[in-house]
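Data block below; observations after.
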Ligand code: GDP
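Residue numbers (full-length UniProt numbering): 1 to 296.
So, in structure tokens, the structure goes:
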């Protein structure tokens, strides 16, 4: 996802590190090129501006210009600033609440909510040995509940039995009861999406949230949609309140800007990355590792 950006930046920094001494003008020129590279990678404009301003402020400091390896110091400053922009520390799913802990998955139709629900459930079951129940609250798309049931079956994860004619809030209530009675540690609620954000969707999410009192509300966003994904995260956060973001399709050839802007624009952490269609294609988001990957 970051290949093009990474190539562009390494071109800029190779030039910079090859020169011995650096003038303020050299640093400014490099920052202009970094700015262009970030914009082309689809990073949100105000995020780019604030990023390059911060790097420039630190990089034109006398210590850098006078140092023996000024180019490398600039690269280090860019690296540190990237890490900060991405949220500094990895933020795993927080399950620190009385069981059953509810995780509510929200997002647009086709963003990967159902697939990601199963991926998370599988990981919690297999790696953390937790007892997980999944429930589909999507009563709009006829096949949605069945899709989750099949994923559950394939990955040996329990799903709430399907009862026709129930509303999403009825299902949320039933899921909680079943989770409590069944001694589950975690209940994952896979909600319905739409092709775009609309009022009924937001109201439905708010109703479910009021009933399920989820400890985590994870927005699932398709990284291939670039800035739309960032705007989506902002809208969902303003209307429903999210606790974290899962970026899907990071195995595709998106330009990466969404990943780089998300945290700065929404203030909410990217927690996980979807890296493929299979149920094990899920990775933690580590700001430091991502910055290393981008800077090669
Ligand atoms: P939902 O409507 O939000 O529940 O979306 P789905 O979970 O049904 O996913 C829609 C499609 O995206 C499915 O074909 C998934 O296999 C695919 N998908 C989901 N996450 C990823 C991912 O990280 N990478 C790739 N390549 N495909 C994904």
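No residue lacks a Cβ here, since even glycine has one placed at the ideal position from N, Cα and C. Just so you know, these numbers come straight off a predicted model, no measurement behind them.
The three-state secondary structure of residue 208, taken from DSSP, is helix. Contact check for residue 61 against residue 16 fails: the beta carbons are separated by 8 angstroms or more.
Inter-residue distance for residue 122 and residue 132 is about 8 angstroms (C-alpha atoms, whole angstroms). Between residue 242 and the set 134, 108, 263 and 216, the nearest pair of CA atoms involves 216.
DSSP places residue 248 inside the beta strand (DSSP E), whose first and last residues are 244-248. In the same chain as residue 261, and ignoring 5 residues on each side of it, the C-beta atoms closer than 7 angstroms to its own belong to 43, 44, 47 and 230, in chain order.
Contiguous beta strand (DSSP E) elements confined to the segment 110-161 occur at 132-136, taking only those with 3 or more residues.
As for any alpha helix (DSSP H) of minimum length 4 sitting wholly inside the segment 233-289, the runs are 257-266, ordered along the chain.
Across the set 252, 209 and 206, the C-alpha of 252 shows the shortest separation from the C-alpha of residue 225.
DSSP places residue 104 within a strand segment (E or B) once states are collapsed to three. For residue 38, the uninterrupted alpha helix (DSSP H) run begins and ends at 24-40, by DSSP. Annotated three-state conformation of residue 60 is coil, per DSSP. Distance from the CA of residue 182 to the CA of residue 285, rounded to the nearest whole angstrom, comes to 32 angstroms.
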